[in-house]
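Peer 1: Residue numbers (my numbering), protein chains in the order written: chain S, 1 to 538; chain G, 1 to 341; chain P, 1 to 344.
Ideal Cβ placement from N, Cα and C applies to all residues, glycine included.
Note that the coordinates shown come from a computational prediction; the quantities given were computed from them, not determined experimentally.
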Amino acid sequence: MSKKLTRLLAVIFALSLVATACGSDSVTDTVSDTANDVADAAGDAADDIEEGVDDAMDDDAMDDDEAAGGAVEDAMDEEVQDGGVVTTSIADLEAEWADRRAEIVADIKAAGYGVDGDTLTGPGGWTVDLSSCPADWSDTGGIVDGTIKLGHTTAQSGALASYGNIGVGMGAYFDYVNANGGIGPDGLQIDLQIKDDAYVATQTQELVAELLQTEDPFYIQTLGSPNTFSVQGTLNENCVPQPMSMTGHQAWGDPDNNPWTTGLQLSYATESLLWGSWIEANFPDGGVNVAALVMDNDFGLAYEQGFESFAEESSIIENVEFVRHDPAAATLTNEMTTLAASNPNVFIAMTAGNPCLLAVEEAARTGITDIVDAAFMPSVCKTISAYMSPAGDAGDGFLIFGGGWKDSTDPQYETDSYISWLNDQIEAAGLDTAVGTYATGFGQFGWPAVQALQIAAELDGGLSRTNYMIALRSLRMDHPGLLEGIAFGQDGSNDSYLVEGSDLSVYNAADESWLIEGGVIDLDGQSANCAWVAGEGC
Amino acid sequence: MSTTARNQQVAAVQDRPPSEAKKLTTRSRIGLAVLAIAVIIPPFVTTALELTKLSRLVVLVLAVLGVNLLTGYTGLISLGHGVFVGVGAFAMANLIDQGMSLYLAGILATLFTGAVGLVLGLPALRVRGLYLALVTFGTALAFPPFARRLGTLTGGVNGRTVDNEAFVAPSFLSLDDHVHIWRYGVCLAVVALWFVITRNLINSRMGRALRTVRDNEPAAATFGISVRYAKAGALAISAAMTGTAGVMQAILNPYVSHASFDSFLSLRLYAAAVIGGLGTLAGAIYGVLALILIPTINGAIELLDSDAIVFGAGLIIMTFVAPAGIAGLFEGWGRGKPDPS
Amino acid sequence: MTQPGSDDEIGFGLVRTLGRQFNGALMELFLQRCFDGMFTGAIYASLALAIVMIFRSTGLLNFAQGEMGLMGGFVALTLMSPAGSSGIGIPIAGTALASTWIPFHPWPSWAAILAAVAFGALLGSVVERFIMRPLTGKSTLSQVNVTIGLLILINGIVFQVWGSFSRRVESPFPNGKDDFFGLFGARLRYTTVGVWATLIVVIILLNLLIQKTKTGLAFRAITSNREGAALVGVKVNRTQTIGWAIAAAIGALAASLVGGAITLNPLTMLNMLIYALAAATIGGLDSPKGAIAGGLIIGLTQSLAPPYLGIPTELTLLPPLAAMVLFLIVRPHGLFGTVPVNRV
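What follows is the structure in structure tokens.
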């Protein structure tokens with residue numbers, strides 16, 4: 001081959017590398033299309049949202065004593081009391097929960113939900129056709145010899161190994177429950193089996209296949225968006241519940257197509273709605289420019305899609321500049337300069353992991369924090385020790401919709417009876433209370449898991465997979481780990497998201513803590529179900 | 001071991017007189033027999049899941065063989081072979097979407113990956129060994145971001161499932177309840193086929209040309225070998241081979257995403273090829289065994305959180321103790337004294 | 001947050017804060033991007049320099065250079081951080097030990113960095129003596145394999161010891177949000193100037209070393225003709241050890257500077273590696289000033305190509321990679337490298 005030809009090919013090769021980068025228009029189109037579809041659904045919600053936010057704001061303005069204050073300065077001075085610090089004793093709380101569970105059981109029985117022939121009916125018009133379940137499927141699969149076998153795949157190795165602690169905390173709560181009467185009238189004992197997938201989706205597939213084959217667990221709880229995606233089809237085909245998936249992706253609210261799957265925490269789409277509605281409430285005159293830093297992965301794009309659809313319907317938000325960054329980028333300086341140049345009023349970081357920290361630092365250094373009136377961190381970047389504290393003063397004043405949970409490591413909850421009891425139990429189990437993920441597992445995820453199991457065990461026929469799903473889809477209780485004012489509940493096909501509200505907190509760099517500003521904002525029942533199509537969206 | 005002896009050990013493994021090469025030595029026959037037994041037994045004793053895991057390992061061997069062909073036999077360092085696995089997997093997923101039969105889709109995806117390898121690699125062939133490592137490394141890093149942008153083809157940032165429903169045994173075999181055995185068998189057959197192809201290639205004139213290019217490139221030109229064509233051929237075949245591994249992976253574990261084909265995959269393939277023994281066929285198998293044994297041992301000892309330390313140390317130690325990889329160790333033991341051939 | 005439209009008085013007092021001035025001020029934006037390129041370029045150049053030093057003294061491309069530096073950076077961090085938790089965070093490994101055994105712990109940042117540089121030199125010497133030296137004369141392949149093994153090993157060790165959290169390294173150059181020169185509406189960070197200044201000083205020292213000392217002469221002798229150099233009495237082994245020590249020391253300096261400029265976590269140097277390699281290649285693998293020039297070029301390419309050539313920002317790796325490939329094909333010895341001679 002002649003030298004010239006090779007050189008020509010070489011130049012073409014190099015240019016093609018560059019050119020492929022340019023040829024991404026089709027993707028943007030696709031995203032816009034789906035954004036439009038979601039926008040219609042979101043549009044209806046938007047009006048309600050504004051009302052909800054206005055209400056919350058009004059309440060705070062009127063009630064100085066109770067509220068944590070609407071202004072940032074107030075929030076820093078006052079002791080936050082509206083964080084929902086609960087002082088009822090644990091024994092009384094347990095009694096309250098038991099009463100509430102009995103109510104739910106009564107409601108379910110009265111409504112006659114259950115299995116009728118081949119159809120499972122539940123609340124809110126939710127139905128499942130059981131005839132497509134495998135021939136060897138058992139409604140009581142996983143309940144063996146007085147033990148409930150539960151499966152949990154999570155990352156216990158690799159870069160995201162700290163997520164594995166959630167499962168450990170959850171296990172600690174299950175141990176407590178086992179020692180204190182177990183589940184249901186027969187005192188069933190929970191046997192939690194945790195498997196390590198190192199956050200690799202194909203590994204999750206293998207582990208789930210193994211669990212289904214050898215253990216046939218009662219349900220399998222997965223962590224991570226790609227991981228949950230990769231096994232969602234399999235679990236639903238096998239009629240094995242995939243409850244309370246540990247990821248904020250909105251795709252788990254799909255009760256019609258994936259009836260056995262649910263999420264738990266505030267979804268990224270709902271969080272985007274919260275950002276949007278906050279902006280509309282705080283900039284009544286309109287003309288708002290938003291600058292958004294988006295991580296190029298499942299987290300970031302879920303946020304981007306949710307926010308873009310809101311913004312398109314909004315008359316207040318004039319322009320949104322989305323700048324995506326490579327998750328493996330060493331610095332974010334270039335991206336932040338581009339965002340600064342768009343003249344924003346609001347900055348939103350839609351990223352996760354270490355780039356959260358880089359975003360905070362660079363927002364300060366490029367002058368974005370000087371230009372904007374408000375800057376948001378996403379709920380996934382809440383961990384102070386990892387993402388906020390190393391940035392020092394740069395993080396001061398950042399806002400966050402934190403997800404609505406009480407932070408067990410926050411000293412303001414030392415007097416909260418549930419949190420202090422939780423920390424005691426965690427310590428008794430030999431775990432470090434300074435590591436927040438244990439509490440996440442123990443409280444956020446462990447508590448509702450047990451409540452749903454208890455309810456299901458009291459239904460006609462006792463504990464079974466179908467009863468469990470009915471219980472889960474009917475669940476509506478006061479989660480002791482959630483801030484007061486945030487509902488914890490869903491309603492079959494009408495409402496497929498357990499948590500749709502959050503606190504609004506502001507970061508105080510001097511104290512290295514998030515302080516709740518204003519009340520909580522709850523969009524309960526307003527998040528649209530999401531029928532997810534791979535590569536496209538809801 | 002002295003330098004001379006070590007070099008001879010390496011040479012002994014990698015070169016044999018052409019006339020001898022076509023015959024199977026007794027050692028090889030024994031080795032093959034052991035291998036045959038090792039692969040025939042599992043379907044009878046293991047569970048479906050374990051067999052699927054084994055199938056994945058078999059496919060991994062194929063990917064490592066691809067690295068071996070390019071780096072071991074042709075001397076072109078490739079730190080980016082994970083890209084070919086990805087290309088094969090994505091191509092397969094999409095061809096299946098088009099309603100194509102699995103076999104046709106698999107062949108087309110393989111050919112496509114070979115072509116991609118050729119196109120990507122040709123300009124890179126102009127650069128010297130060390131620089132080639134750089135370029136392939138860069139390509140491996142660039143592949144996931146690139147894959148994320150291709151929306152429906154690759155599932156974008158979330159990945160996508162693959163429709164492998166058609167991957168079942170033909171009805172006359174009545175293996176409906178044992179689809180995993182059929183899949184295992186197919187994997188074995190495909191990999192074995194590539195092994196045969198590679199072996200024939202190595203023992204052919206082209207194979208000798210490749211080894212000459214590896215050992216002394218300027219001299220090769222004077223022998224009348226078209227270095228360009230030799231390298232290009234090796235590149236295409238190596239890429240195709242690894243692409244087939246991607247094809248198999250896509251239908252075994254029906255989920256593909258950009259995250260599956262990152263730079264760590266390429267580094268692992270490379271490490272496996274080196275540890276197993278570059279320039280040998282058996283090396284691919286040993287390398288994969290090492291790849292799985294190390295995390296298992298590490299997990300058993302529970303001393304370290306990550307496998308990285310064991311892996312890295314292993315790679316370094318291998319370079320000293322067994323520069324020709326595990327395959328080289330066996331060759332050495334078999335012969336006792338190094339054979340000055 | 002300030003109210004919209006206000007101007008803060010910041011910087012050297014030369015020019016007011018950007019605020020809304022960016023909008024429509026294309027020249028200012030371009031200038032800012034150039035400064036950004038200089039910032040990231042400085043970071044890449046520092047690691048590229050370490051890579052070049054190894055290549056220059058041994059002819060080897062060391063993939064593990066960044067990781068060896070990383071270890072030095074964490075050593076600096078341990079020396080300069082007080083024992084116990086940093087705020088709400090998790091304590092940095094080794095600080096408790098350090099506060100007991102090391103006098104005057106925690107050290108000021110410049111002292112910690114110097115100590116890290118010394119540590120780097122020690123690490124480099126040890127690696128050379130016990131791992132690389134036995135491999136001299138071996139194939140390129142073996143050496144590449146070992147450096148990749150080192151990369152995996154050292155990265156694993158750092159992960160194991162210090163965990164995965166990002167840490168702020170106190171920078172010798174003020175790195176707060178207000179620490180910049182305001183020039184013509186754009187911000188030139190003190191860090192950028194400081195790191196470049198440091199690199200230039202290092203280059204000058206290296207140049208002196210290579211041109212004026214016996215060791216430098218030995219370097220040049222070894223890389224041009226190893227056997228010949230040994231025959232005429234050059235202490236090849238000792239020279240190689242020195243080469244590795246210097247390169248690793250520079251690597252540790254690089255990691256410390258990078259940690260000060262952004263943050264340090266076990267993946268930082270790994271993410272940077274390809275950019276530093278590209279910079280070293282473009283500049284010329286055996287030319288220190290090439291490393292600097294290459295770093296600048298890569299940094300600028302990354303800052304200027306996406307906005308002005310329409311390349312999506314998430315594909316930020318592609319322009320530097322394309323630049324590297326172009327250079328390798330068109331001018332493999334880089335801008336300032338020596339042209340190689342191929343002998344049969």
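May I have the straight-line CA-CA distance separating D97/G from D163/G, to the nearest angstrom?
Peer 2: 7 Å
Peer 1: For the stretch 47 to 58 of chain G, list every residue whose C-beta sits within 9 Å of some C-beta in chain S, in sequence order.
Peer 2: Along the stretch 47 to 58 of chain G, the positions whose C-beta sits under 9 Å from a C-beta of chain S are T47, A48, L49, E50, T52, K53 and R56, read in chain order.
Peer 1: Could you tell me whether the Cβ atoms of L79/G and A133/G are closer together than 8 Å?
Peer 2: yes
Peer 1: Could one say the Cβ of R365/S lies closer than 8 Å to chain P's Cβ atoms, at least one of them?
Peer 2: yes
Peer 1: Does D326/S come within less than 8 Å of chain G when only Cβ atoms are used?
Peer 2: yes
Peer 1: Nearest-angstrom Cα distance between L223/S and T204/S?
Peer 2: 9 Å
Peer 1: Just by C-beta distance, which residues in the stretch 76 to 110 of chain G are closer than 9 Å to chain S?
Peer 2: none
Peer 1: With three or more C-beta pairs closer than 8 Å as the rule, is the stretch 342 to 359 of chain S touching the stretch 215 to 234 of chain S?
Peer 2: The stretch 215 to 234 of chain S makes no contact with the stretch 342 to 359 of chain S; the number of CB pairs closer than 8 Å stays below 3.
Peer 1: Have a look at L125/G and A232/G and give me their C-alpha separation to the nearest angstrom.
Peer 2: 8 Å
Peer 1: Would you identify the three-state DSSP class for R324/S, choosing helix, strand or coil?
Peer 2: Assigned with DSSP and collapsed to three states, R324/S falls in strand.
Peer 1: Taking 8 Å as the threshold (C-beta atoms), are L252/G and V59/G in contact?
Peer 2: Yes, these two residues count as a Cβ contact at 8 Å.
Peer 1: Among residues of its own chain, excluding the 5 on either side of D393/S, which ones have a beta-carbon nearer than 8 Å to its beta-carbon?
Peer 2: Cβ neighbours of D393/S within its own chain (closer than 8 Å, five residues either side excluded): A364 and A509.
Peer 1: Return the CA-CA distance between I329/P and G286/S, expressed in angstroms with no decimal places.
Peer 2: Those two C-alpha atoms are separated by around 54 Å.
Peer 1: Please report whether the beta-carbon of A266/G lies at a distance below 8 Å from any beta-carbon of chain S.
Peer 2: At residue 266/G the sequence reads Ser, which differs from the Ala that was named. No, S266/G lies away from the interface with chain S (no Cβ there is under 8 Å from its Cβ).
Peer 1: If we count Cβ pairs, one from each stretch, closer than 8 Å, do we get three or more for the stretch 215 to 227 of chain P versus the stretch 194 to 205 of chain P?
Peer 2: The stretch 215 to 227 of chain P and the stretch 194 to 205 of chain P do not touch, with fewer than 3 CB-CB distances between them shorter than 8 Å.
Peer 1: Please report the straight-line C-alpha distance between L65/G and Q526/S, rounded to a whole angstrom.
Peer 2: Spanning the two alpha carbons is a distance of roughly 54 Å.
Peer 1: Distance check for N257/S and A449/S, CA to CA, integer angstroms please.
Peer 2: Approximately 23 Å between the Cα atoms of the pair.
Peer 1: Classify Q265/S as buried or exposed, calling it buried when 16 or more other Cβ atoms lie within 10 Å of its own Cβ.
Peer 2: Result: buried.
Peer 1: Could you say if the stretch 321 to 328 of chain S and the stretch 132 to 146 of chain P meet the contact criterion of at least three C-beta pairs nearer than 8 Å?
Peer 2: no
Peer 1: Quick one: grab the DSSP three-state call for V294/S.
Peer 2: strand
Peer 1: Are the CB atoms of V85/G and F311/G within a distance shorter than 8 Å?
Peer 2: no
Peer 1: Quick one: which chain P residues come within Cβ less than 7 Å of P390/S?
Peer 2: S166, R167, R168 and T263
Peer 1: In whole angstroms, what is the alpha-carbon distance linking G233/P and R226/P?
Peer 2: Rounded to whole angstroms, G233/P to R226/P spans 11 Å at the Cα level.
Peer 1: For the stretch 283 to 303 of chain S against the stretch 396 to 405 of chain S, do three or more pairs of beta-carbon atoms, one drawn from each stretch, fall closer than 8 Å, so that the two count as touching?
Peer 2: no
Peer 1: Establish whether the CB of R189/P and some CB of chain S are separated by less than 8 Å.
Peer 2: yes
Peer 1: Which same chain residues, not among the five before or five after L141/G, have their C-beta less than 6 Å away from its C-beta?
Peer 2: Within the same chain, Cβ atoms closer than 6 Å to the Cβ of L141/G are found at S263, the five residues on either side in sequence being excluded.
Peer 1: Using a beta-carbon distance cut-off of less than 9 Å, what residues from the stretch 280 to 301 of chain P approach chain C?
Peer 2: Considering every chain present, this structure includes no chain C. Its protein chains are S, G and P.
Peer 1: What's the C-alpha gap between I200/P and T215/P?
Peer 2: 21 Å
Peer 1: By the criterion of Cβ-Cβ separation under 8 Å, what are the contact partners of S174/G in chain S?
Peer 2: The contacting residues do not exist; S174/G stays about 17 Å from chain S at best.
Peer 1: Between A111/P, V339/P, G156/P and A115/P, which lies nearest to S287/P when the distance is taken from Cα to Cα?
Peer 2: V339/P
Peer 1: From the DSSP output, in three-state form, read off I279/S for me.
Peer 2: helix
Peer 1: For the stretch 49 to 62 of chain P against the stretch 357 to 372 of chain S, are there 3 or more C-beta pairs whose distance is under 8 Å?
Peer 2: no
Peer 1: Check whether chain G comes within 8 Å of P134/P, counting only Cβ atoms and requiring the distance to be less than that.
Peer 2: yes
Peer 1: Throw me the rounded Cβ distance for the Y219/S and P243/S pair, which I believe falls under 8 Å.
Peer 2: Between Y219/S and P243/S, the beta carbon gap of about 6 Å places them in contact (Cβ cut-off 8 Å).
Peer 1: I316/G versus chain P: which residues are under 7 Å apart at the beta carbon?
Peer 2: I131, V146, G149, L150 and L153
Peer 1: Which runs of the beta strand (DSSP E) spanning at least 3 residues fall entirely within the stretch 328 to 410 of chain S, listed in chain order?
Peer 2: 346 to 350, 374 to 377 and 399 to 401
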